[in-house]
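Just so you know, numbering that gives the first Met the number 0 puts 30 at position 31 of the sequence shown, and the rest follows in order with no gaps.
For each residue, glycine too, the CB sits at the ideal point set by N, CA and C.
Written out below as structure tokens is the structure these notes cover.
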Amino acid sequence: MLLKFLFDRVVSFFGLIVLSPVLLIVAILVKVKMPGGPVLFVQQRVGKDARLFKVHKFRTMTVNHGGSSVSVAGESRITPLGAKLRRYKLDELPELWDVLVGNMSFVGPRPDVPGYADKLVGEDRDVLRLRPGITGPASLKYRDEEEMIAAYVQQAQAEGDTRPAQEIAVWYNDNTIYPDKVRLNCYYYRHYSFAKDIQMILATVLGRKMEYAGEEI
């Protein structure tokens with residue numbers, strides 16, 4: 000994957016330069032519209048070979064919200080500006096730095112919080128052989144993940160599920176979405192193609208779908 004490694008370093012370097020005005024504008028907006036907290040959200044995530052690293056994103060939530068790592072569209076801890084940043088993936092722009100320093104790649108599995116990676120067993124642990132990515136097959140399939148979870152929670156509650164909304168959301172993520180993400184990311188590892196990497200990056204930027212692993216993502 001030498002070509003992938005070189006591509007990540009070169010493109011992230013020039014991406015940070017070209018997008019620096021956007022990064023500055025978003026940083027100012029976060030500081031002005033979401034006062035009382037840091038501009039960047041920095042959190043430990045699990046990287047390649049299960050090594051921990053700090054991921055960098057623009058903050059989209061209220062300070063000291065104390066919530067779950069599973070987000071649901073429309074929940075109060077996500078600010079109005081944060082919702083817009085998430086919708087257009089602008090909150091993830093600082094991850095270009097994580098790519099530049101080698102902790103992440105443009106394409107790969109999303110970096111998990113500690114705890115989820117510990118549940119991987121057998122061949123599913125192949126996911127940990129990859130550098131986490133800004134985008135990837137699972138990210139594309141679940142690009143509207145927060146809306147999907149919110150819809151599931153509403154349906155479950157309408158059908159009489161009395162559990163708290165966040166508990167329903169976590170259950171749905173852990174039992175349906177996360178296992179499917181692992182399946183897709185393992186397929187990516189075992190059928191790696193640089194051409195597919197480029198296609199996934201374009202699909203992410205242009206908001207389009209593509210065929211991958213026998214399905215549309």
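So, using beta-carbon positions, are residue i and residue j closer together than 8 Å?
{"i": "GLU94", "j": "VAL152", "result": "no"}
{"i": "LEU84", "j": "ASP90", "result": "yes"}
{"i": "LYS140", "j": "LEU183", "result": "yes"}
{"i": "LYS180", "j": "ALA212", "result": "no"}
{"i": "ASP48", "j": "LEU127", "result": "yes"}
{"i": "SER75", "j": "ASP7", "result": "no"}
{"i": "ILE200", "j": "MET209", "result": "no"}
{"i": "ILE167", "j": "ALA149", "result": "no"}
{"i": "ALA116", "j": "VAL41", "result": "no"}
Give me the Cα-Cα distance between residue i and residue j, rounded to the nearest whole angstrom.
{"i": "GLY132", "j": "ALA157", "result": "36 Å"}
{"i": "LEU5", "j": "ALA164", "result": "44 Å"}
{"i": "ARG50", "j": "TRP96", "result": "17 Å"}
{"i": "LEU2", "j": "PRO37", "result": "36 Å"}
{"i": "PHE12", "j": "ARG86", "result": "24 Å"}
{"i": "GLY107", "j": "ARG162", "result": "34 Å"}
{"i": "HIS190", "j": "GLU146", "result": "29 Å"}
{"i": "MET0", "j": "ASN174", "result": "32 Å"}
{"i": "VAL10", "j": "GLY159", "result": "50 Å"}
Consult DSSP for residue i and reduce its assignment to one of helix, strand or coil.
{"i": "MET103", "result": "coil"}
{"i": "LEU129", "result": "coil"}
{"i": "THR78", "result": "coil"}
{"i": "ASP143", "result": "coil"}
{"i": "THR161", "result": "coil"}
{"i": "THR59", "result": "coil"}
{"i": "ARG50", "result": "coil"}
{"i": "ARG8", "result": "helix"}
{"i": "TYR211", "result": "strand"}
{"i": "VAL45", "result": "strand"}
{"i": "LEU119", "result": "coil"}
{"i": "LEU183", "result": "helix"}
{"i": "LEU95", "result": "helix"}
{"i": "LEU18", "result": "coil"}
Given that a residue counts as buried once 16 or more other Cβ atoms are within 10 Å of its Cβ, and exposed if not, what is residue i?
{"i": "GLU144", "result": "buried"}
{"i": "ASP111", "result": "buried"}
{"i": "PHE57", "result": "buried"}
{"i": "ASN102", "result": "buried"}
{"i": "VAL31", "result": "exposed"}
{"i": "ASP196", "result": "buried"}
{"i": "ALA217", "result": "There is simply no residue 217 to check, as the chain begins at 0 and stops at 216 in what is shown."}
In its own chain, which residues sit with a C-beta less than 6 Å from the C-beta of residue i, not counting the 5 before and 5 after it?
{"i": "ASP125", "result": "CYS185 and TYR188"}
{"i": "LEU15", "result": "LEU95"}
{"i": "GLY35", "result": "VAL62"}
Grab me the residues of residue i's own chain with a C-beta within less than 8 Å of its C-beta, minus the 5 sequence neighbours each way, in chain order.
{"i": "LEU18", "result": "LEU92 and LEU95"}
Are the C-beta of residue i and some C-beta of chain C separated by less than 8 Å?
{"i": "LYS3", "result": "Included in the structure is just one protein chain, with no chain C present."}
Can you list, in chain order, the residues of its chain with a C-beta nearer than 7 Å to that of residue i? Leave out the 5 residues immediately preceding and following it.
{"i": "LEU28", "result": "LEU80"}
Any heavy atom of the ligand HEM inside 7 Å of the beta-carbon of residue i?
{"i": "PRO131", "result": "Annotation note on the ligand HEM: not contained in the displayed structure, which lists no ligands."}
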